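Trainee:
There are 2 protein chains.
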Amino acid sequence: MQRKLLIVEDEPDIAHLVQKHLQDAGYDADIASNGAAAMELFRKNSYQLVILDLMLPDTDGLTLCRKMRSAEEYVAILMLTAKSTELDRVLGLEMGADDYLTKPFSVPELMARIKALFRRIDALKEDTKGITEQASIERGGLYIDVNKRSVQVEGELVDLTAREFDLLLFFARHPGRVFSRIQLLDKVWGYNHDGYEHTVNSHINRLRSKIEQDPSEPQYVLTVWGVGYKFRDQRSDA
Amino acid sequence: MQRKLLIVEDEPDIAHLVQKHLQDAGYDADIASNGAAAMELFRKNSYQLVILDLMLPDTDGLTLCRKMRSAEEYVAILMLTAKSTELDRVLGLEMGADDYLTKPFSVPELMARIKALFRRIDALKEDTKGITEQASIERGGLYIDVNKRSVQVEGELVDLTAREFDLLLFFARHPGRVFSRIQLLDKVWGYNHDGYEHTVNSHINRLRSKIEQDPSEPQYVLTVWGVGYKFRDQRSDA
DNA sequence: CGTAATTATCACAAAACAATCACAACTGCA
DNA sequence: TGCAGTTGTGATTGTTTTGTGATAATTACG
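So the sequence lines, in the order shown, correspond to chains A and B. Take 1 as the starting number for the first sequence in UniProt numbering and just add one per residue. Take 1 as the starting number for the second sequence in UniProt numbering and just add one per residue.
1) So which residues on chain B does Thr161/A lean against when the C-beta distance must stay under 7 Å?
2) First and last residue of the beta strand (DSSP E) that includes Met79/A?
3) Applying a beta-carbon distance threshold of less than 7 Å, which residues of chain B neighbour Gly96/A?
4) Is the Cβ of Leu34/B closer than 7 Å to any Cβ of chain A?
5) Taking 7 Å as the CB-CB cut-off, is Ala116/A touching chain B?
6) Measuring CA to CA, which of Val227/A, Glu138/A and Arg208/A is closest to Arg181/A?
7) Does the Cβ-Cβ distance between Val8/A and Leu52/A come in under 7 Å?
8) Would Arg120/A count as contacting chain B if we go by Cβ distances under 7 Å?
9) Quick one: what does DSSP say Phe231/A is sitting in, helix, strand or coil?
10) Could you tell me the distance, in whole angstroms, from the CA atom of Gly92/B to the CA atom of Arg163/B?
11) Beta carbons nearer than 8 Å to chain A: which residues of the UniProt DNA-binding region "OmpR/PhoB-type" (134-233) of chain B have them?
12) I'd like to know whether the C-beta of Ala112/B is nearer than 7 Å to at least one C-beta of chain A.
13) Could you give the DSSP three-state label for Phe105/A: helix, strand or coil?
14) Under 8 Å by Cβ, that's how I've got Leu56/B and Thr81/B pegged, so tell me the actual separation to the nearest angstrom.
15) Between which residues of its own chain and Asn147/B is the CB-CB distance below 7 Å, once the five residues before and five after are set aside?
16) Could you work out which residue in Glu11/B, Arg69/B, Thr59/B and Asp60/B is closest to Lys50/B when comparing CA atoms only?
17) Round the Cβ separation of Leu62/A and Leu6/A to the nearest angstrom and send it over; I've been treating them as touching at under 8 Å.
18) Look at the alpha carbon of Lys103/A and the alpha carbon of Ile14/A, and state the distance between them as a whole number of angstroms.
19) Please classify Lys20/A: is it buried, with 16 or more other beta-carbons within 10 angstroms of its beta-carbon, or exposed?
20) Hey, out of Ser33/A, Met39/A and Arg3/A, whose CA is closest to Leu22/A's CA?
21) Could you tell me whether any Cβ in chain B is nearer than 7 Å to the Cβ of Asp127/A?
22) State the CB to CB distance for the pair Asp221/A and Leu207/A, rounded to an integer number of angstroms; the pair is presumed to be in contact (CB under 8 Å).
23) Roughly how many angstroms separate the alpha carbons of Leu142/B and Asn192/A, rounded to a whole number?
24) Look up Ala32/A in the DSSP assignment and give the residues it is bridged to.
25) Using the Cα positions of Leu168/A and Thr199/B, report the straight-line distance between them to the nearest angstrom.
26) Quick check on Val146/B: does DSSP put it in helix, strand or coil?
27) DSSP three-state call for Leu62/B: helix, strand or coil?
28) Could you please give the first and the last residue of the uninterrupted alpha helix (DSSP H) stretch that includes Arg3/B?
29) Short of 8 Å in beta carbon distance, which residues of its chain neighbour Phe105/B, apart from the five on each side in sequence? Order them along the chain.
30) Quick one: what does DSSP say Ser70/B is sitting in, helix, strand or coil?
31) Per the DSSP calculation, Leu52/A is bridged to which residue(s)?
32) Which chain B residues are close to Asp99/A, counting only those with a beta carbon under 7 Å from its beta carbon?
33) State yes or no: is the C-beta of Phe165/B within less than 7 Å of the C-beta of Arg149/B?
34) Taking Cβ positions only, does Ala71/A come closer than 7 Å to chain B?
35) List the endpoints of the continuous beta strand (DSSP E) containing Glu138/B.
This is the structure in structure tokens:
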């Protein structure tokens, strides 16, 4: 997954230095040199992390921080500040920063913090996942346990590889809906994956040989001729 | 239902900062600035969650934690610790904290964890299964004494290092569930630990050489290819 | 019924991943 | 401080999975 960050910093040298390192590390980073530009970019894009300098020409950083915090989606905020008094820290935390770094900082340290922040965000998402996504799915004679990554067909455990499981899980979460091979590559393999469409065929083939009673007459993953594949819908047939 | 929490923290700035945010979020939070006050409030009120600083002027946090744990009703405990080394110990000792956070922490993260904790508490109450905090765990030929931090395989005592024990305990508490190396680093090593994923491999390797009859054909800690590791589920095989 | 287009199957090499080992850095402790 | 044990990391080897090419089977449609 691509991680998008926004750097809010008025000193171009610093901003570009940071941007360059972030790009080297595989992140996608935009720059805003003042508060107004920052809010504009922020509203237009969805960032996962904002690196925010407290001292800005127009707005002050704390206001900006609060504004971003009030947005729908959660963004991590890493504050950069010149001073390092305890008051500053508490203030920054109160405003909702997730981490804090005082200038001058070292690039390796910044990168380490960013990495750590992303990790924490991911861990949190993992915790929160329970509400939106179900831990187990039952469809016909198929039972999928997401946490255990185990699959049972008619009560019998079958052993799937990581890809096979991900593929099956994706299908089972969208029963009845047809997906093209490209869509499957995007959703299951990942957006930046490049490869041949017929790779999907092979995986479907292998998956069927494991979960289907009679792979030539599939019950779960069906071929939609000229389009792609779909998971059989409970009621509607064919 | 009103959620009552107790903040045990000797730095007034932090205590009030947290209290303010909790109130904003609709919780009812009391503050205790030392261990004695904490126990007094704890006995008089019934809290659902205690946010507990490890470093306190009079008592140490662990003792407090144990005392609260021994109360009739179950309370969730979220620990705040200063360093990550200290945190290892806490986790290792399994004094019964439900979650932890290292200082300096960010308010959004704290709030997220509190929410997640309440969700877990609710889910637990539903189940009525009080099996979460057991002093000993038996799984197959494996016997783990949490308090003594000792492990027996087929009645034979084996000598594990701190990490090995923590790792095994974590697995044994979540049998069947698959964890990625990153998740293990987060849960066993600590959220802000940074290191290489393949460190986990080495520890699994060493752990296996101690507890497995035939490390090349593990009975307890199984590899899930392309994903991570899991503890063998009772019934399910392979 | 024949043909072109699409999908299924299979085998294999390459890539991704995991296990292992050795060693240096670190830890707690006497 | 020095020591013994523990832990993290690099390097190497071994294993499983996965993508891909080739080919066979199936489908749509004139």
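Backbone N, C-alpha and C fix where the C-beta goes; we use that ideal spot for every residue, glycine too. Since this is a predicted model, take the numbers as computed values, not measurements.
Mentor: So, to answer that:
1) Under the 7 Å cutoff, chain B gives Trp225 and Gly226.
2) That run of the beta strand (DSSP E) goes Ala76 to Thr81.
3) For the C-beta of Gly96/A, the chain B residues within less than 7 Å are, from N- to C-terminus, Val107 and Pro108.
4) Per the sequence shown, the amino acid found at residue 34/B is Asn instead of Leu. For Asn34/B, the answer is no, since every Cβ of chain A falls outside 7 Å of its Cβ.
5) When Cβ-Cβ separations below 7 Å define contact, Ala116/A makes contact with chain B.
6) For Arg181/A, the nearest C-alpha among the options comes from Val227/A.
7) The answer is yes: Cβ separation under 7 Å.
8) At least one chain B Cβ lies under 7 Å of Arg120/A.
9) The answer is strand: DSSP assigns Phe231/A an E or B state.
10) Here the model assigns Gly92/B a pLDDT of 40, short of 50, so the residue's position is not dependable and the matter cannot be decided.
11) Result list: Gly176, Arg177, Val178, Ile182, Gln183, Asp186, Tyr191, Asn192, Asp194, Val224, Trp225, Gly226, Val227, Lys230 and Asp233.
12) Using beta-carbon distances, Ala112/B counts as an interface residue toward chain A, with a partner under 7 Å.
13) In the structure shown, Phe105/A sits in coil (DSSP, three-state: anything other than H, G, I, E or B).
14) In this structure Leu56/B is not in contact with Thr81/B, their Cβ atoms being roughly 12 Å apart against a cut-off of 8 Å.
15) The beta carbon of Asn147/B is closer than 7 Å to those of Ala135 in its chain, skipping five residues each way along the sequence.
16) Reading off the sequence shown, one finds Val at residue 50/B, where the question assumed Lys. For the options Glu11/B, Arg69/B, Thr59/B and Asp60/B, the alpha carbon positioned closest to that of Val50/B is the one of Arg69/B.
17) Actually they are not in contact, since the Cβ atoms of Leu62/A and Leu6/A sit about 17 Å apart, beyond 8 Å.
18) So the alpha carbons of these two residues sit roughly 11 Å apart.
19) That one is exposed.
20) Arg3/A is the residue among Ser33/A, Met39/A and Arg3/A whose C-alpha sits nearest the C-alpha of Leu22/A.
21) Residue contact check for Asp127/A against chain B: a CB pair falls below 7 Å.
22) Contrary to the premise, residue 221/A reads as Val rather than Asp in this sequence. About 6 Å separates the two Cβ atoms, so the contact holds.
23) Taking the straight line from one Cα to the other gives about 44 Å.
24) Partner residues in the beta bridge of Ala32/A, as assigned by DSSP, are Val8/A.
25) Those two C-alpha atoms are separated by around 31 Å.
26) When secondary structure is reduced to three states using DSSP, Val146/B falls in the coil class, being assigned neither helix nor strand.
27) In this structure, DSSP gives Leu62/B a helical state, which the three-state scheme calls helix.
28) Per DSSP, Arg3/B is not a residue of any alpha helix (DSSP H), being assigned neither H nor E.
29) Excluding sequence neighbours, Phe105/B sits near Leu80.
30) Ser70/B falls in the coil class under three-state DSSP.
31) In the DSSP secondary-structure assignment, Leu52/A is bridged to Val8/A and Met79/A.
32) Per Cβ cutoff of 7 Å: Ser106.
33) Yes; because the gap between Cβ atoms is below 7 Å, this pair is in contact.
34) No Cβ of chain B is located within less than 7 Å of the beta carbon of Ala71/A.
35) First-last of the beta strand (DSSP E) with Glu138/B: Ser136 to Arg139.
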